[in-house]
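Scroll down for the structure; my scribbles are underneath it.
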Amino acid sequence: MPELDRPLLVVADHVDGALTHPAAEVLTLARSLTTGPVSAVVLESPDTAALGRYGVATVYAPELGGLAPTVSAVAAEAVLAAVRQADPAAVLLVSSFAGKELAARLAVALDSGAVVDATGVTVEDGALVASKVVLQGTWETTCEVTRGVPVIAVKPTVVEAVAVDGAEPEVVAVPVEFSDAARAVRVLSRTEHPRERAPLGEARTVVVGGRGVEGDFSLVTELADELGAAVGATRVATDEGWIEHAAQVGQTGVTISPRLYIGVGVSGAIHHTAGMQAAQTVVAVNSDPEAPIFEMADLGIVGDLNDVLPQAIEELRRLRG
Amino acid sequence: MRIVVCVKHVPDLQSDRSLDQDGHLVRGEDDVLNELDENAVEAAVALAEEHGAEVVALTVGPDDAVDAVRRALQMGADSAVHVVDDRIAGFDVVGTAKVLAGAVRALGAETPVDLVVTGMATMDGLTSMVPAALAAALDLPALTLASEVTLEGSAVTITRSIGDADERQSADLPLVLSVTDQANEPRYPNFKAIMAAKKKPVTTWSLDDLPDVATAGAGTTVRSAAARPPREAGRILTDTGDAGAQLAAYLVENKLV
Ligand SMILES: Cc1cc2nc3c(=O)[nH]c(=O)nc-3n(C[C@H](O)[C@H](O)[C@H](O)COP(=O)(O)OP(=O)(O)OC[C@H]3O[C@@H](n4cnc5c(N)ncnc54)[C@H](O)[C@@H]3O)c2cc1C
Ligand SMILES: Cc1cc2nc3c(=O)[nH]c(=O)nc-3n(C[C@H](O)[C@H](O)[C@H](O)COP(=O)(O)OP(=O)(O)OC[C@H]3O[C@@H](n4cnc5c(N)ncnc54)[C@H](O)[C@@H]3O)c2cc1C
Chain A
1 MPELDRPLLV VADHVDGALT HPAAEVLTLA RSLTTGPVSA VVLESPDTAA LGRYGVATVY
61 APELGGLAPT VSAVAAEAVL AAVRQADPAA VLLVSSFAGK ELAARLAVAL DSGAVVDATG
121 VTVEDGALVA SKVVLQGTWE TTCEVTRGVP VIAVKPTVVE AVAVDGAEPE VVAVPVEFSD
181 AARAVRVLSR TEHPRERAPL GEARTVVVGG RGVEGDFSLV TELADELGAA VGATRVATDE
241 GWIEHAAQVG QTGVTISPRL YIGVGVSGAI HHTAGMQAAQ TVVAVNSDPE APIFEMADLG
301 IVGDLNDVLP QAIEELRRLR G
Chain B
322 MRIVVCVKHV PDLQSDRSLD QDGHLVRGED DVLNELDENA VEAAVALAEE HGAEVVALTV
382 GPDDAVDAVR RALQMGADSA VHVVDDRIAG FDVVGTAKVL AGAVRALGAE TPVDLVVTGM
442 ATMDGLTSMV PAALAAALDL PALTLASEVT LEGSAVTITR SIGDADERQS ADLPLVLSVT
502 DQANEPRYPN FKAIMAAKKK PVTTWSLDDL PDVATAGAGT TVRSAAARPP REAGRILTDT
562 GDAGAQLAAY LVENKLV
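So the sequence lines, in the order shown, correspond to chains A and B.
Residue 118 in my numbering is what sits at position 118 of the first sequence, and the numbering runs on without skipping anything.
Take the position in the second sequence, starting the count at 1, then add 321; the result is the number in my numbering.
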């Protein structure tokens with residue numbers, strides 16, 4: 001594959017001091033695109049060991065002066081200071097809600113352009129070309145940034161993270177002059193949700209419960225635990241308060257692209273399928289043979305989830321000893 | 322107080338949507354006010370009702386896009402601005418945000434704008450980038466993806482739940498606010514509201530009316546666009562007592578566990 005020979009800068013997301021899996025994926029992708037150095041910009045104390053393992057030579061650590069990196073203007077101005085110092089051929093980041101806001105701000109400040117929700121990036125004729133699945137999974141496009149420093153936000157789980165034998169990176173402090181607009185946002189409180197299972201957006205298997213579970217997520221959770229899966233939900237289930245809002249998969253919730261999606265008591269409304277159509281294998285359990293989700297299921301089971309799930313869980317335990 | 326609410330005209334989600342040879346969205350008969358912008362209009366109108374304010378609906382889009390602001394007028398906005406210009410066709414987020422920012426500045430030159438409200442995403446582009454890009458272009462603070470909004474004095478406080486955390490944030494007006502579909506229940510205009518909307522003013526501007534919009538155009542281009550084959554339905558089986566076991570066997574056989 002043709003490669004660039006210029007440096008690339010990756011915004012390396014951390015959670016609780018550890019490099020996140022999606023960030024490791026983007027670093028892996030960046031390494032495949034250039035023969036030049038891959039550097040990282042980090043908005044909290046860097047996980048230098050992990051950054052080294054993913055091939056980072058230099059870590060830019062902007063000085064936030066006590067401002068919260070969850071405020072998008074703070075993150076953007078900090079990353080921008082690192083971009084000015086690193087002078088990269090492009091900035092790559094993770095396409096989460098926060099990453100998309102950051103991409104938007106960087107593109108405005110750099111007077112360039114941003115492609116978000118990229119499902120892959122390649123080098124063609126010396127330019128980065130991003131692929132993107134659009135219109136609820138019905139169209140496939142490739143896009144390119146034509147002006148300035150390209151900003152490309154890559155969807156989680158579309159690249160396999162691969163470590164290399166790397167040395168501990170050098171950490172470079174970056175001073176930042178924050179604008180009044182960035183300083184103006186006050187973070188009054190922040191509550192992290194407990195991480196009991198694999199985060200939804202990063203999981204290889206997701207079991208989703210819909211209205212059909214009628215308030216009881218225990219079978220869905222049990223099946224998920226058996227499969228090492230994350231638990232998701234439709235909007236109906238989160239609106240009813242059966243599970244936290246963060247579990248919502250779909251248009252206005254989390255977009256997932258797992259290897260295996262199992263929908264239980266989920267009808268398959270377009271607002272929901274928009275967020276899971278990238279799943280490699282779709283399994284649906286629904287008592288209504290007319291449910292639209294069957295049109296996209298690799299295996300569809302017409303049946304009552306209260307019969308099908310307990311038997312499936314028991315059989316899985318037996319088969320796997 | 323003056324509130325500007327940004328709304329986009331998009332193809333209906335249930336219609337057959339497509340891209341043209343340039344990778345631009347094909348607009349058609351079935352275009353509607355972006356569903357998630359109904360939450361933005363509701364937030365703007367509710368704040369105006371509670372605190373006393375004028376609400377201006379703003380859209381950037383082709384001729385038909387005027388229907389989006391008309392819907393916003395039916396939902397309670399007082400007046401509307403439609404920016405339409407052939408030179409805007411094919412703009413990306415940065416270009417669109419610059420035009421929106423230019424229009425907000427032009428409105429502010431008449432009467433100061435205190436609050437700019439947007440939806441969380443559009444059902445076509447779906448980038449969720451415009452609110453942050455717009456705030457950057459206007460150099461205003463941004464409170465985005467709000468699931469709850471309150472205004473006290475000049476301080477706006479929001480609750481947001483993104484990623485795996487809940488956060489409360491606050492900032493003083495003027496600012497840019499984006500709301501999610503959790504923020505409110507959009508009202509459904511009645512006959513009287515629909516009739517009243519017909520009398521409300523809609524101003525049309527071209528790029529020439531926005532002197533400070535840099536002629537940036539798009540910084541991104543679509544190289545290729547192709548329809549994907551629809552996902553094919555696979556095996557459907559009806560439970561006759563052993564479907565659970567069959568499901569387990571399927572997962573094991575296909576190495577999915
Ligand atoms: C602006 C907007 C944004 C939205 N965003 C999202 C989003 O991000 N995510 C999302 O999910 N939705 C979203 N929605 C809602 C979406 O349109 C649907 O209403 C929702 O996805 C339906 O959820 P459901 O499948 O759980 O419920 P339903 O459509 O009611 O389906 C429940 C299914 O369960 C089956 N069932 C019932 N009992 C059993 C049983 N015992 N065993 C097996 N099957 C059973 C039924 O046959 C039925 O098919 C959005 C809507 C709007 C307007
Ligand atoms: C399929 C597709 C994919 C695209 N991908 C990209 C991409 O990766 N990068 C990129 O730079 N551009 C992209 N674009 C172009 C971009 O979507 C449009 O330029 C659009 O005008 C702004 O972005 P959005 O629709 O994604 O809005 P979002 O950022 O999702 O919208 C958020 C809110 O901003 C407001 N808003 C957005 N557009 C308007 C408008 N025209 N008038 C008034 N208010 C508005 C609304 O309140 C809306 O709820 C894409 C377009 C399409 C059709």
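Just so you know, even glycine gets a beta-carbon here, dropped at the ideal spot from N, CA and C.
Bear in mind that the values here come from a model prediction, so they are computed numbers and not experimental data.
To the nearest angstrom, how far is the alpha carbon of residue i from that of residue j?
i        : j        : result
Glu124/A : Ser95/A  : 22 Å
Val283/A : Ala61/A  : 44 Å
Gly565/B : Ala554/B : 20 Å
Thr255/A : Asp493/B : 32 Å
Pro462/B : Ala161/A : 36 Å
Leu128/A : Leu93/A  : 14 Å
Thr138/A : Thr542/B : 19 Å
Ala350/A : Thr448/B : In the structure as shown, chain A starts at 1 and stops at 321, and residue 350/A therefore has no counterpart that could be examined.
Pro69/A  : Arg147/A : 27 Å
Ala109/A : Ala203/A : 33 Å
Ala454/B : Asp413/B : 11 Å
Leu135/A : Asp487/B : 29 Å
Trp242/A : Ser218/A : 11 Å
Gly126/A : Val71/A  : 34 Å
Ala312/A : Gly113/A : 48 Å
Ala247/A : Asp216/A : 15 Å
Asp111/A : Glu240/A : 43 Å
For residue i, tell me which candidate among the options has the shortest Cα-Cα distance.
i        : options                                : result
Val266/A : Ala89/A, Gly210/A, Val59/A             : Gly210/A
Val149/A : Ser131/A, Ala90/A, Gly321/A, Glu222/A  : Ala90/A
Ala588/B : Val425/B, Glu488/B, Val477/B, Val573/B : Summary: the structure shown does not reach residue 588/B, with chain B confined to residues 322 through 578, and so no result is reported for it.
Leu405/B : Thr525/B, Met396/B, Thr448/B, Val362/B : According to the sequence as given, residue 405/B is Val; it is not Leu. Considering only alpha carbons, the answer is Thr525/B.
Glu183/A : Arg318/A, Ala76/A, Leu309/A, Gly17/A   : According to the sequence shown, residue 183/A is Arg rather than Glu. Among Arg318/A, Ala76/A, Leu309/A, Gly17/A, the Cα nearest to that of Arg183/A is on Ala76/A.
Thr480/B : Arg186/A, Ala114/A, Ala163/A, Pro175/A : Arg186/A
Ser482/B : Gln335/B, Leu472/B, Pro550/B, Leu464/B : Leu464/B
Ala307/A : Leu354/B, Val578/B, Leu568/B           : Ala is not the amino acid found at residue 307/A; the sequence shown has Asp there. Among Leu354/B, Val578/B, Leu568/B, the Cα nearest to that of Asp307/A belongs to Leu568/B.
His330/B : Gln342/B, Asp529/B, Leu455/B, Asp351/B : Asp351/B
Ala500/B : Glu375/B, Gly440/B, Asn575/B           : Position check: residue 500/B holds Val in this sequence, whereas Ala was assumed. Looking at the Cα atoms, Gly440/B is the closest of the given residues.
Ala167/A : Asp298/A, Gly321/A, Val38/A            : Val38/A
Gly253/A : Val236/A, Ala49/A, Arg259/A            : Val236/A
Glu574/B : Gly232/A, Leu316/A, Gly55/A, Ile270/A  : Leu316/A
Arg31/A  : Val302/A, Gly275/A, Asp165/A           : Asp165/A
Leu51/A  : Val71/A, Leu9/A, Leu33/A               : Leu9/A
His271/A : Asp384/B, Arg508/B, Leu346/B, Leu357/B : Leu357/B
Asp385/B : His403/B, Ala393/B, Met396/B, Leu368/B : His403/B
Glu370/B : Asp399/B, Leu531/B, Val381/B, Arg392/B : Asp399/B
Asn355/B : Glu431/B, Gln335/B, Leu340/B           : Gln335/B
Ser468/B : Val451/B, Asp502/B, Ala401/B           : Asp502/B
Under 8 Å Cβ-Cβ, which residues of chain B neighbour residue i?
i        : result
Leu316/A : Ala569, Leu572, Val573, Val578
Arg53/A  : None at all; the shortest Cβ gap to chain B is about 24 Å.
Trp242/A : Within 8 Å Cβ-Cβ: nothing; Trp242/A doesn't reach chain B, min ~15 Å.
Ser112/A : Val415, Gly540
Give me the chain A residues within the contact set of residue i, using Cβ-Cβ distance strictly less than 7 Å, ordered along the chain.
i        : result
Ser449/B : Phe97, Lys100
Asp343/B : Within chain A, no residue comes near Asp343/B; the closest Cβ sits about 11 Å away, beyond 7 Å.
Asp502/B : Thr252
List, in chain order, every chain A residue whose beta-carbon is nearer than 8 Å to that of residue i.
i        : result
Thr465/B : Ser72, Glu101
Leu334/B : Gln136, Ile270, His271
Met441/B : Thr252
Leu340/B : Val134, Leu135, Trp139, Thr141
What does residue i touch in chain A if you count any residue whose Cβ is under 9 Å from its own?
i        : result
Leu461/B : Ala181, Ala184
Thr471/B : None at all; the shortest Cβ gap to chain A is about 12 Å.
Anything in chain B within Cβ reach of residue i, meaning under 9 Å, just list it in chain order.
i        : result
Gly188/A : Contrary to the premise, residue 188/A reads as Leu rather than Gly in this sequence. Ordered by position in chain B, the residues that pass the 9 Å Cβ test against Leu188/A are Thr478, Glu488, Arg489, Gln490, Ser491.
Glu214/A : Neighbours of Glu214/A on chain B: none; closest Cβ ~18 Å, over 9 Å.
Glu144/A : Thr541, Thr542, Val543, Arg544
Val302/A : Ile557, Leu558, Thr559, Asp560, Ala564
In chain order, what residues of the stretch 480 to 497 of chain B put their CB closer than 8 Å to some CB of chain A?
If the cut-off is 8 Å between Cβ atoms, the stretch 480 to 497 of chain B has Ser482, Ile483, Gly484, Asp485, Ala486, Asp487, Glu488, Arg489, Gln490, Ser491, Ala492, Asp493, Leu496 near chain A.
Near-chain A residues of the stretch 538 to 560 of chain B - C-beta to any C-beta below 9 Å
Within the stretch 538 to 560 of chain B, contact with chain A at the beta-carbon level (separation under 9 Å) is assigned to Gly538, Ala539, Gly540, Thr541, Thr542, Val543, Arg544, Ser545, Ala546, Ala547, Ala548, Arg549, Pro551, Arg552, Glu553, Ala554, Gly555, Arg556, Ile557, Leu558, Thr559, Asp560.
Going along the chain, which residues put their C-beta within less than 5 Å of some heavy atom in ligand 1?
Here the list is Gly210/A, Arg211/A, Gly212/A, Thr234/A, Arg235/A, Val236/A, Gly250/A, Gln251/A, Thr252/A, Gly253/A, Gly265/A, Val266/A, Ser267/A, Ala269/A, His271/A, His272/A, Asn286/A, Ser287/A, Asp288/A, Ala291/A, Asp304/A, Leu305/A, Glu356/B, Asp502/B.
Mind checking the stretch 257 to 269 of chain A against chain B and listing, in chain order, the residues whose C-beta falls within less than 8 Å of any C-beta there?
Residues Arg259, Leu260.
Tell me which residues of the stretch 407 to 418 of chain B have at least one Cβ-Cβ distance to chain A shorter than 8 Å, keeping chain order.
Result list: Asp413, Val414, Val415, Ala418.
Residues of the stretch 77 to 94 of chain A in Cβ contact with chain B at a cutoff of 8 Å, in chain order, please.
None of the residues of the stretch 77 to 94 of chain A has a beta carbon lying less than 8 Å from any beta carbon of chain B.
Residues within the stretch 158 to 178 of chain A neighbouring chain B, beta-carbon criterion of under 9 Å:
Cβ contacts with chain B: none found.
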